[in-house]
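**Student:** Here you go, one structure.
2 protein chains.
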Amino acid sequence: MKSAQLTAIGPAEKTVKCIDVSDPGKPGKGEVLVDIVACSINPADILMIEGNYASVPETPCALGIEGAGTVVAVGPEVSGLKAGDKVMSLARTNWVQQIRDKAEAFVRLPAEVELSQAAMLKVNVATAHLMLTRYVPLSKGDWVIQDAANSGVGVDLIRLAHADGLRTVNIVRRSELIEPLKQLGADVVVVDGPDLAQRVAKENGGAQIKLGIDAVGGSAIGRLTDCVGDGGTVVNYGLLSGKPCEINAFNFVFRDITVTGFWLAKLMRGMQFGEIQAMYAQLAQRLVDGTIHVDIEASYPLDKIADAMAHAKRESRGGKIQLRPNG
Amino acid sequence: MKSAQLTAIGPAEKTVKCIDVSDPGKPGKGEVLVDIVACSINPADILMIEGNYASVPETPCALGIEGAGTVVAVGPEVSGLKAGDKVMSLARTNWVQQIRDKAEAFVRLPAEVELSQAAMLKVNVATAHLMLTRYVPLSKGDWVIQDAANSGVGVDLIRLAHADGLRTVNIVRRSELIEPLKQLGADVVVVDGPDLAQRVAKENGGAQIKLGIDAVGGSAIGRLTDCVGDGGTVVNYGLLSGKPCEINAFNFVFRDITVTGFWLAKLMRGMQFGEIQAMYAQLAQRLVDGTIHVDIEASYPLDKIADAMAHAKRESRGGKIQLRPNG
């Protein structure tokens, strides 16, 4: 069967190759065999492939943080999963036609879910959900601010917050993004730049903002932090600017603001399987009810992996790039 | 009686004047009258006088964050204080010969305490104590790192940590400070600069550092944050560099480090009087037992306030500058 593997750290479009590997074989005790139907290509995949992630993998190695598919067979002593079930994979080796793994590597999804959408649940949707729920207790009507608001996580966050009655201030870099984000449920959208805090206060009526979410670092997190109310929390989850976070010390000392970081892989290592399963069941329901929907710009088979990588690296896209390992 | 007051926001040596004000009169119900014996001049006093503090006071106004003295008289319904008791003042108007205020504006001190030392307890010693105890649970043998280690707070922190069996890494800017700080109980003293984290790890045997304490901001807090272990906390309490805190986003996202701020005035507003009293009773005992001792470089009467201000603003001093309102 086919597997897209990393041959050496380097430019993704050159170093990821589609190779033939042996079939995984029948599931053993407590194991499940899954056909991977759809995989998303994430920024974190690219960071890892190009050597810019928290850890640099030894090559050659399998790849793919996200994937969703259908159970083909279950081994003895597996409960809760059966052939034909739709599942999301918790493995990080999903760019492959089939995976055989322990039952706890898969989360069962509702039958109504589209697998191409389910293949985008694990990272971005969970990131948006966990950042909205793990740091600051928020009630209906409370305000959250984020930058990179048109990113994958940013859009999911707007949709989830809106569905839960939270209000969002969204920082973007181009004014043509204002209307599209408002269409998705964004309450306020502002273009980054000088006097951001004053402009945000004008737009949201000066309401206190309890939580800030930053994907950029650099001076952008500093401007975003200026917008958050006294005693608020700012969560940094991205490294988009590649620059050190520049935050006015006044915000720490006199405004009692806390800055902390979010990393999905680490947070999930600290969660029990039952908790992970319950979270994704809840989020999968958001796919079914239409709260969350992500546009897909293109899908590629595994043997066009170089094209898929090059496409995923383009700055301006209208949607996600996916792999379809089984066509 | 004499009072040193701020006439207008501006250079401290020009804008603080000694003026004659009316005597405070006899204490009423629940009130206490105190002769102020010694007052310290703090960086926060200067910041406020020169318009660089969290809030800018309306002028003219009384001044002086710290002061200690002797109870002269108590009004009806005051318990726990009597004439002759030594007290530390919680008021922020201590540069004066006498204060009349409610009993909860004063903390009773042990009779053995030197008032000139007690006049330095309120801000720096409490700041060091609260930063060591409020953010991260620390046990004997645990490591803490701080910059500006030769500052007033820095030296108090070394002494308190050493007395409690904690170990400190101390960042300084000049190598001639290494030996004097080691004499005070510092475990490791390093000069700030490139590769700080590697040099610190070499000096402390690679032991994990749970708490970082930064008074500088700018790029210094970034280097200090690099030294703290995964999951650690960095507390920023000073604005010495006047520059935005520059912290690598990697430390937030992948190393789960939290940065927060400390402001004594705000933290104490959230404490009950009983808690404040108990804290200062414990810290006053550290003066009596010699754990804490601060050198005094010079003392001035109130009518030499301009000289006192100019002296307090000098960068290199061998100790605190104090006022002695009653000679």
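Same order as they appear, the protein sequences are chains C and H.
Residue 36 in the numbering used here sits at position 51 of the first sequence, and the numbers go up by one each step.
Residue 237 in the numbering used here sits at position 252 of the second sequence, and the numbers go up by one each step.
Even glycine gets a Cβ: it sits at the ideal position worked out from N, Cα and C.
All of these numbers come straight from a predicted model, not from anything done at the bench.
Which one of C:V219, C:Q193 and C:Q102 has the shortest CA to CA distance from A205 of chain C?
**Tutor:** Out of C:V219, C:Q193 and C:Q102, C:V219 has the C-alpha closest to the C-alpha of A205 of chain C.
**Student:** On the DSSP bridge list, what partners appear for R152 of chain H?
**Tutor:** H:W128, per the DSSP bridge assignment.
**Student:** When DSSP labels each residue in this structure, what does D256 of chain H get in the three-state scheme?
**Tutor:** Checking the sequence shown, residue 256 of chain H turns out to be Met, not Asp. Reduced to three states, the DSSP call for M256 of chain H is coil.
**Student:** Measure the C-alpha to C-alpha separation of L(-9) of chain H and P28 of chain H and round it to an integer number of angstroms.
**Tutor:** When rounded, the distance between both Cα atoms is 15 angstroms.
**Student:** Beta-carbon separation of I198 of chain H and Q131 of chain H under 8 angstroms?
**Tutor:** Closer than 8 angstroms, so yes.
**Student:** Applying the 10 Å Cβ sphere with the 16-neighbour rule, what's the burial state of N159 of chain H?
**Tutor:** For the sequence presented, residue 159 of chain H should be read as Arg rather than Asn. When all chains shown are included, R159 of chain H counts as exposed.
**Student:** Nearest-angstrom Cα distance between D274 of chain C and S301 of chain C?
**Tutor:** When rounded, the distance between both Cα atoms is 28 angstroms.
**Student:** Closer than 7 angstroms: is that where the CB of T44 of chain C sits relative to any heavy atom of the ligand SAH?
**Tutor:** As for the ligand SAH, it is missing from this structure, which has no ligand bound.
**Student:** Look up G207 of chain C in the DSSP assignment and say whether it is helix, strand or coil.
**Tutor:** Helix.
**Student:** Is the segment 163 to 177 of chain H touching the segment 107 to 122 of chain H, taking contact as three or more C-beta pairs under 8 angstroms?
**Tutor:** Too few Cβ pairs lie closer than 8 angstroms, so no.
**Student:** So which residues on chain H does W248 of chain C lean against when the C-beta distance must stay under 8 angstroms?
**Tutor:** Result: V238, F239 and D241.
**Student:** According to the neighbour-count rule (16 or more other Cβ atoms, all chains shown, within 10 Å of its Cβ), is M294 of chain C buried or exposed?
**Tutor:** Buried, since its Cβ has 16 or more Cβ neighbours within 10 Å.
**Student:** Going by DSSP, name the residue or residues bridged to D86 of chain C.
**Tutor:** Its beta-bridge partners are C:V17.
**Student:** Pick from H:D70, H:N221, H:A269 and H:H147: whose alpha carbon is nearest that of L123 of chain H?
**Tutor:** When each option's Cα is compared against that of L123 of chain H, the closest is H:H147.
**Student:** Determine, using beta carbons only, whether C212 of chain C and V244 of chain C come nearer to each other than 8 angstroms.
**Tutor:** No; because the gap between Cβ atoms is not below 8 angstroms, this pair is not in contact.
**Student:** Runs of 4 residues minimum, wholly inside the segment 21 to 102 of chain H: which ones carry the alpha helix (DSSP H) assignment?
**Tutor:** Within the segment 21 to 102 of chain H, the complete alpha helix (DSSP H) runs of at least 4 residues are 28 to 34.
**Student:** Which residues bound the alpha helix (DSSP H) around D292 of chain C?
**Tutor:** Element bounds for D292 of chain C: I290 to A297.
**Student:** If distances are taken between C-alpha atoms only, which option among H:N233, H:P9 and H:Q82 comes closest to A23 of chain H?
**Tutor:** Nearest C-alpha to A23 of chain H: H:Q82.
**Student:** For M33 of chain C, is the classification buried or exposed, using 16 other Cβ atoms within 10 angstroms of its Cβ as the cut-off for buried?
**Tutor:** M33 of chain C comes out buried.
**Student:** Residues bridged to N221 of chain H by DSSP?
**Tutor:** Beta-bridge pairing links N221 of chain H to H:D199 and H:G246.
**Student:** Mark K195 of chain H as exposed unless 16 or more other C-beta atoms lie within 10 angstroms of its C-beta, in which case mark it buried.
**Tutor:** By the neighbour-count rule (16 or more Cβ atoms within 10 Å), K195 of chain H is buried.
**Student:** Closer than 6 angstroms by C-beta to N37 of chain C: which residues in its own chain qualify, once you throw out the five before and the five after it? Chain order, please.
**Tutor:** Excluding positions up to five away in sequence, the list is empty.
**Student:** Identify, in the order they occur along the chain, each residue of the same chain with its Cβ nearer than 6 angstroms to the Cβ of I163 of chain C, setting aside the five sequence neighbours on each side.
**Tutor:** Hits under 6 angstroms: V174.
**Student:** For my contact list, L145 of chain C and N155 of chain C are in at a C-beta cut-off of 8 angstroms; report their separation, rounded to the angstrom.
**Tutor:** Incorrect: roughly 13 angstroms between the Cβ atoms, too far for contact.
**Student:** Quick one: any contact between the segment 77 to 94 of chain C and the segment 48 to 60 of chain C, if contact means 3 or more CB pairs under 8 angstroms?
**Tutor:** Judged by Cβ distances under 8 angstroms, the segment 77 to 94 of chain C makes contact with the segment 48 to 60 of chain C, as three or more pairs qualify.
**Student:** Using the rule of at least 16 other Cβ atoms within 10 Å of the residue's Cβ for burial, across every protein chain shown, is F258 of chain C buried or exposed?
**Tutor:** So F258 of chain C ends up on the exposed side.
**Student:** Bridge partners for D5 of chain H per DSSP, in chain order?
**Tutor:** In the DSSP output, where bridge partners are listed per residue, D5 of chain H has H:K(-13).
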